[in-house]
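Which chain is which? The protein sequence lines are A and B, in order. Take 8 as the starting number for the first sequence in the working numbering and just add one per residue. Take 40 as the starting number for the second sequence in the working numbering and just add one per residue.
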Amino acid sequence: GAGVSQSPRYKVAKRGQDVALRCDPISGHVSLFWYQQALGQGPEFLTYFQNEAQLDKSGLPSDRFFAERPEGSVSTLKIQRTQQEDSAVYLCASSRLDGNTIYFGEGSWLTVV
Amino acid sequence: DAKTTQPPSMDCAEGRAANLPCNHSTISGNEYVYWYRQIHSQGPQYIIHGLKNNETNEMASLIITEDRKSSTLILPHATLRDTAVYYCAGDTDKLIFGTGTRLQVFP
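Here it is as structure tokens:
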């Protein structure tokens with residue numbers, strides 16, 4: 008596609024509910040990144056894939072957060088047993104390879120009530 | 040990955056140059072400096088990046104000091120639509136963002 012596509016754009020979840028956020032990277036992009044952005048803050052790195060391999064998951068805040076990219080294209084970020092502090096914008100980004108420009112999607116806005 | 044420091048906010052008159060500074064004193068030798076901007080409710084938009092040399096594109100210019108400890112993003116003729124939060128970020132294998140500068144362009 009023309010850009011990085013994320014869905015849903017907005018999600019309201021009840022505390023304790025599981026959520027899944029989807030990312031469609033730019034076609035042909037090998038690298039895929041997930042970031043979390045709290046209100047008024049800069050994006051914080053969560054995890055990074057190169058094709059289907061998850062090379063870095065050092066930013067995932069807890070074991071409730073899980074990301075996958077099984078076929079090296081679409082990725083899903085799953086948050087189990089959501090808590091209020093998980094409320095944030097979750098940004099997906101992709102690039103051709105390391106060192107190439109990283110392009111961001113519009114984000115998925117998660118509100119946990 | 041470099042930690043970046045930026046002033047929290049700046050103002051600029053429409054039509055004037057906006058000069059946005061960034062300190063990245065811990066940057067490593069092979070780490071690029073990237074600039075993005077973010078308009079409310081949108082994802083970060085790529086502006087420009089550089090390693091050692093100054094860079095220019097249709098959006099902006101990037102001046103990197105010789106010791107690479109700081110850089111300045113220059114928007115040569117700011118417009119109202121340039122009002123946004125501007126982030127500089129260091130990058131080896133992933134972008135590490137600071138808290139950004141909120142640029143307000145006024146008429």
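Don't be surprised by glycine CBs; every beta carbon is placed ideally from N, CA and C. Owing to the predicted nature of the structure, the values given are computational and were not obtained by experimental measurement.
Using the rule of at least 16 other Cβ atoms within 10 Å of the residue's Cβ for burial, across every protein chain shown, is Gln91/A buried or exposed?
Label assigned to Gln91/A: exposed.
Which residues in the same chain as Ile78/B place their Cβ atom closer than 7 angstroms to its Cβ, once the five residues preceding and following it in sequence are excluded?
Taken in chain order, the residues that qualify are Ala123.
Can you list, in chain order, the residues of its chain with a C-beta nearer than 6 angstroms to that of Cys51/B? Leave out the 5 residues immediately preceding and following it.
If we look at Cys51/B and ignore the five residues flanking it on each side, its Cβ neighbours are Ala57, Ala117 and Val144.
What number of angstroms, rounded off, separates the C-alpha of Ile86/A from the C-alpha of Phe72/A?
In a straight line, the C-alpha of Ile86/A is about 5 angstroms away from that of Phe72/A.
How many angstroms separate the CA atom of Val26/A from the CA atom of Tyr17/A?
Going from the Cα of Val26/A to the Cα of Tyr17/A covers about 12 angstroms.
Taking the alpha-carbon of Arg29/A as reference, which of Gln57/A, Ser94/A, Leu98/A and Thr108/A has the nearest alpha-carbon?
Comparing Cα positions, the closest option is Leu98/A.
Sort Arg120/B, Cys127/B, Ile103/B and Asn93/B by Cα distance to Gly49/A and report the nearest one.
Minimum Cα distance to Gly49/A is reached at Cys127/B.
Taking only runs that begin and end inside the segment 64-120 of chain B, name each unbroken beta strand (DSSP E) of 3 or more residues, in chain order.
With a minimum length of 3 residues, the continuous beta strand (DSSP E) runs that stay inside the segment 64-120 of chain B are 71-77, 84-89, 100-103 and 109-114.
Here's the rule I'm using: 16 or more other beta-carbon atoms within 10 Å means buried, otherwise exposed. How should Gln23/B be labelled?
The structure shown does not extend to residue 23/B, since chain B is modelled only from 40 through 146, so no value can be given for it.
Taking Cβ-Cβ distances below 9 angstroms as the criterion, which residues of the segment 122-133 of chain B are in contact with chain A?
Of all residues in the segment 122-133 of chain B, Val124, Tyr126, Ala128, Asp130, Thr131, Asp132 and Lys133 have a Cβ within less than 9 angstroms of some Cβ in chain A.
Might you give, ordered along the chain, the residues of its own chain that have their beta carbon closer than 7 angstroms to the beta carbon of Ser94/A, omitting 5 neighbours on each side?
Correct list, in chain order: Leu117, Thr118 and Val119.
Given a cut-off of 9 angstroms, decide if Arg76/A and Glu59/A are closer than it, judged by their beta-carbon atoms.
In this structure, Arg76/A lies closer than 9 angstroms to Glu59/A by Cβ.
If I measure Cβ to Cβ from Ala20/A and keep anything under 6 angstroms in the same chain, skipping five residues before and after, which residues do I get?
The answer, listed in chain order, is Val26, Thr89 and Val119.
Residues in the same chain with beta-carbon distance under 7 angstroms from Ser80/A, minus the five sequence neighbours each way, listed in chain order, please.
Closer than 7 angstroms at the Cβ level, and outside the excluded window around Ser80/A, lie Pro32.
Figure out for me which residue from Lys42/B, Ile113/B and Thr95/B has the closest Cα to the Cα of Leu142/B.
The residue with the shortest Cα to Cα distance from Leu142/B is Ile113/B.
Counting only beta-carbon separations shorter than 9 angstroms, does Val11/A have a partner in chain B?
So, interface residue.
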